[in-house]
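One structure below.
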Amino acid sequence: MSRVAPRWFIYWGPSGMVAGEAIIISITGGFLFGLLTASFHWWRRKVNRLPPWDDV
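Numbering-wise, the numbering used here puts 707 at position 45 of the sequence shown, and it's gapless, one number per residue.
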């Protein structure tokens with residue numbers, strides 16, 4: 663959390679965005695990125711016909 667506060671003051675603070683809004687946007691973006699990454703790896707596993715990790 664110590665790295666978030668300076669970034670907020672430098673980038674989002676002058677634009678008028680409140681800290682709570684910046685945190686919600688960051689969490690939402692991280693969740694969507696993780697979901698897309700997991701979906702991509704799931705799709706590649708199906709395309710390459712790889713077995714589940716439990717069977718390896």
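Glycine is no exception: its CB is placed at the ideal position from the N, C-alpha and C atoms. This structure is a prediction, so every number in the text was calculated from the model and none was measured.
Separation of V680 and I672 (C-alpha to C-alpha, rounded to the nearest whole angstrom) is 13 Å.
Put simply, the backbone Cα of W704 is about 21 Å away from that of T690. Boundaries of the alpha helix (DSSP H) around V709: 681-709.
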